[in-house]
Each structure stands twice: as structure tokens, then as C-alpha cells.
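Chain order of the listed sequences is A and B. Under my numbering, the first sequence has 108 at position 108, and the numbering climbs by one with no breaks. Each number in my numbering comes from the position in the second sequence (counting from 1) with 1000 added on. Heads up, the beta-carbon is just placed ideally off N, CA and C, and yes, glycines get one too. Only a predicted model underlies this, so the values are computations on that prediction, with no experimental measurement involved.
Number of protein chains: 2
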Amino acid sequence: MNELIKELRELTGAGILEVKEALTETGGDKEKAIEYLRKRGAVKMGKKADRVANEGIVESYIHAGGRMGVLLELNCETDFVARTDDFKNLAKDLALHIAAANPLYISHADVPAEVIEKEKEIYKEQVKGKPDDVVEKILEGKIAKYYEEVCLLEQPFVKNGDLKIKDIMGNAVAKMGENVQIKRFTRFVLGN
Amino acid sequence: MNELIKELRELTGAGILEVKEALTETGGDKEKAIEYLRKRGAVKMGKKADRVANEGIVESYIHAGGRMGVLLELNCETDFVARTDDFKNLAKDLALHIAAANPLYISHADVPAEVIEKEKEIYKEQVKGKPDDVVEKILEGKIAKYYEEVCLLEQPFVKNGDLKIKDIMGNAVAKMGENVQIKRFTRFVLGN
Chain A
1 MNELIKELRE
11 LTGAGILEVK
21 EALTETGGDK
31 EKAIEYLRKR
41 GAVKMGKKAD
51 RVANEGIVES
61 YIHAGGRMGV
71 LLELNCETDF
81 VARTDDFKNL
91 AKDLALHIAA
101 ANPLYISHAD
111 VPAEVIEKEK
121 EIYKEQVKGK
131 PDDVVEKILE
141 GKIAKYYEEV
151 CLLEQPFVKN
161 GDLKIKDIMG
171 NAVAKMGENV
181 QIKRFTRFVL
191 GN
Chain B
1001 MNELIKELRE
1011 LTGAGILEVK
1021 EALTETGGDK
1031 EKAIEYLRKR
1041 GAVKMGKKAD
1051 RVANEGIVES
1061 YIHAGGRMGV
1071 LLELNCETDF
1081 VARTDDFKNL
1091 AKDLALHIAA
1101 ANPLYISHAD
1111 VPAEVIEKEK
1121 EIYKEQVKGK
1131 PDDVVEKILE
1141 GKIAKYYEEV
1151 CLLEQPFVKN
1161 GDLKIKDIMG
1171 NAVAKMGENV
1181 QIKRFTRFVL
1191 GN
């Protein structure tokens, strides 16, 4: 029994008490206990973003016979999730998306303030002469549009334009039952 | 004949007069004309470093089931060379080497001056009390050693420690008959 507890803790990253409870509730069945723990994970979802995600995978995608390449680090909380096909496929989809959609940042928060200021100045020039409240509204819309163009999480997914990448990530968190995060990416285009 | 000249120019990146000369010298044989042009290329080697290298390949290497990844851009002058096995294998070898040897920079010139200053300070502490000229000699040796540790071109090749990466690159230039350069690389280690 102790061996099984140890194995389950390693596989799921869950605490010893949670694992014992899971085994009690599932009659000591390993697969069912994992499912039980993952379901519990899904219940605790609201707290997920605080939890440490430093397992995962480094994925690459080479496009057009080597004229473009993407390197991506996708994180989750446990090696158990990192080794699932769902997680691996998510990493593949994201790398493909980055190759096609050329994001410059992961999220809003990564866009430097001076870049946004510069964008705003350009937009202000474009709407000069309109009333202040109208200008404000237009600026808001244009900035949102800008984020959608350059931030990975805000971009429409290239394989399904109805979903943004942040929706894909949200679905992954729900399905996998743990925090899943895009840590970093880089994209090389030949001769650029 | 004009079609053949056009094709050879695209394949080799050579000028129209060079291509015409090559075809005359080889009796219009395409393969021999390419070989002739490559040999001529080798003769002009001294000038190669000045020539533009913005063809090439983006190569990736994923290590240890996705716990580490490397993305590399290797440049050459023509698409013709970029598509050779020699060039592709060089890119693969370099990506593998970067994964194993963890260089921080491509060459000396990429190491920031403040990093070298800091290294020197540490070394000076280590050799305090020795005569100035001895200190200077030791410092030189230690800095050279430091370059060997952190600069890709100075590192001993992981597949053959007798050669530095710069030797590998020099051999490639000689063999392929055009300028070959490591443009950039990045290396992700999971959770770092």
C-alpha cells in the first residue's frame, strides 16, 4: 500500500492525505484513484493559477522545409499530465499556431507600455477632430484589436477561428485538471 | 541554353558571366557546370566572409523526451547549398552540440564587455599578491578558458573534442564553397 501511495503521489503531485483518501474512496484501484484525484483537481480550479507549473514539455515545429521554426515551452504541474497525449497535442497545436500567426507576446501583460503608447499616438492621429468620448471608445477598440493581433492568448486559433488561444488554454486546464501555462516561445524566420 | 543559364544562376547564386563561362568550359553539362562554379567559389574563399549569407535552414533538436529543446538558424549563400545533405547534417550537429554544451553566445564579440569585466574581477581576486605581469598572463589564460566555455565557436565539438566548432565551420566553408554562418540559436530547458 505504501508503494502505491508513493507512486500515486509522484504521478499526480497530490499530497499524501489526498492520495490516501482517493485510494480509500476507490477501493485501492490505481487508475480510479488517479481519476478521483484529477476530478478533485478540477474542483479546486479557481486556485490553479497560483499553483506551480514547472513540469511540461519543450516542443518544436519546423515549417516549409526549414525556412521557419518555432520553439515552445508549455508547462503543467505534474510529469503525469506532461506525458499525456492531450498535453503533447496541445503543445503541437500551439507551436503550429505560433508559426502561422506570428504572435509577438504571450499576453497583454507582456506588451511594453511604450509600445502601447506609440500605438495610441498613431490611432489618435487617425481619429483627430472627433469628440473626446468618441475618440476614447475608438482607441479602446483599436487597442483591443492590436492585442488580438500580437498577443498569443488573444489570437484566434488558426485551426478554429471561433476560439481564442486563451479559450484553448482554459479548456485544457479544465480537461487536464491542473494549471497549464505557455511559459515562452521563440520563432525564427530564415534571413530575418 | 537561356533556360539552363537561368536555372544555374538560381541554383548557385552565381553571376551570368560566371555561369556562361562555366557552361562553355564544361561543354554545357549542368552537373559539371555546378561543380565548376563551386570550385571557382572555393578559389574566392578569402572574400567569403563579406558575402551575404541569408539562405539556409532553421533546425530544431528536442532532447530527453521534451525536457530540453534547441532552435538554430544556420545560414549559407544559396538555396542550392541549403538543400544539400552536408549542410543539413551540419545544422543537425550544431543543434545537438548546443543542447549538450549549453553555449551562451555565438562568438567572443557577443559577450558583453561588463560580463568580461566581472569575470576579470573574480580572477583578480583569485591571483591576488602575484606580480603584475604574472597576473596579466593568468588573466589572459582564464579569459580564453571562459570563452571556450561560453562561446559556441570556441567550444570543443561534443562529437569530436579535437575540433572546435569554429574548425567545423571552417571545414564546412571549404567543403561547400560558400560562406556558412550560425545566425542565432536559443535553448529552452524545462522549468528554467
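- M1068(B) reaches chain A at V58, counting residues in chain order whose Cβ is nearer than 9 Å.
- Taken in chain order, the complete alpha helix (DSSP H) segments of 4 or more residues contained in the segment 1043 to 1118 of chain B are 1079 to 1082, 1085 to 1101.
- Q181(A) is bridged by DSSP to N75(A).
- As the crow flies, the alpha-carbon of L1004(B) is around 9 Å from that of G1028(B).
- T12(A) is outside the set of residues whose beta carbon lies under 8 Å from a beta carbon in chain B.
- Here the alpha carbon of E1121(B) sits roughly 22 Å from the alpha carbon of E1154(B).
- The C-beta distance from V1070(B) to I1106(B) rounds to 13 Å, too long to meet the 8 Å contact threshold.
- The CB of R1184(B) comes closer than 8 Å to the CB of F188 in chain A, given here in chain order.
- The segment 82 to 90 of chain A makes no contact with the segment 1014 to 1029 of chain B, as fewer than three CB pairs between them are under 8 Å.
- The C-alpha of A14(A) is placed about 11 Å away from the C-alpha of E7(A).
- Residue nearest to L1163(B) within the set E1148(B), V1115(B), D1110(B) is E1148(B) (criterion: CA-CA distance).
- Three or more Cβ pairs closer than 8 Å define a contact, and the segment 1169 to 1182 of chain B falls short of that threshold against the segment 1128 to 1142 of chain B.
- According to the DSSP assignment, G170(A) belongs to the alpha helix (DSSP H) that extends over 165 to 176.
- Contact between the segment 1107 to 1116 of chain B and the segment 1133 to 1153 of chain B is present: 3 or more CB-CB pairs across the two stretches fall below 8 Å.
- Beyond the five residues adjoining it in sequence on each side, E178(A) comes within less than 6 Å, by CB distance, of G41, C76, E77, V81 in the same chain, given in chain order.
- For I34(A), there are no C-beta contacts with chain B under 7 Å, since the nearest C-beta of that chain is about 20 Å from it.
- Taking a 10 Å sphere around the C-beta of L1152(B), we find 16 or more other C-beta atoms and assign the residue as buried.
- When secondary structure is reduced to three states using DSSP, V189(A) falls in the strand class.
- With fewer than 16 other CB atoms across the displayed protein chains lying within 10 angstroms of its CB, M1(A) is exposed.
- Residues of the same chain with a CB within less than 8 Å of the CB of K1030(B), apart from the 5 flanking positions on each side, are L1004, E1007, L1008 in chain order.
- For a Cβ distance threshold of 7 Å, residue set F1188, L1190 of chain B lies close to E73(A), ordered along the chain.
- Straight through space, the alpha carbons of D79(A) and G1065(B) are spaced by roughly 11 Å.
- A residue is called buried when at least 16 other Cβ atoms come within 10 angstroms of its Cβ; G56(A) meets this threshold and is buried.
- A distance below 7 Å between beta-carbons, with the five flanking residues on each side excluded, links L1104(B) to the following residues of its chain, in chain order: V1150.
- For T1024(B), the uninterrupted alpha helix (DSSP H) segment begins and ends at 1016 to 1025.
- The Cβ-Cβ distance between E1073(B) and L96(A) does not fall below 8 Å.
- With distances taken between CA atoms, A1100(B) lies nearest to V1158(B) out of V1158(B), R1184(B), G1170(B).
- Of A53(A), M68(A), N54(A), the smallest CA-CA separation from S60(A) is found for M68(A).
- For N1179(B), the nearest beta carbon of chain A is not closer than 8 Å to its own beta carbon.
- Beta bridge pairing from DSSP links P1156(B) with K1164(B).
- Excluding residues up to 5 positions away in sequence, G69 lie with their Cβ nearer than 6 Å to the Cβ of I62(A) in the same chain.
- For I62(A), the chain B residues whose Cβ falls inside 8 Å of its Cβ are V1058, E1059, S1060, in order along the chain.
- When 8 Å is used as the limit between beta carbons, N54(A) is near these residues of chain B: L1190, G1191, in chain order.
- Here I1138(B) has V1127 as same chain residues with Cβ atoms under 6 Å from its own Cβ, once five neighbours each way along the sequence are excluded.
- In this model, K124(A) and I168(A) are separated by some 33 Å (Cα to Cα).
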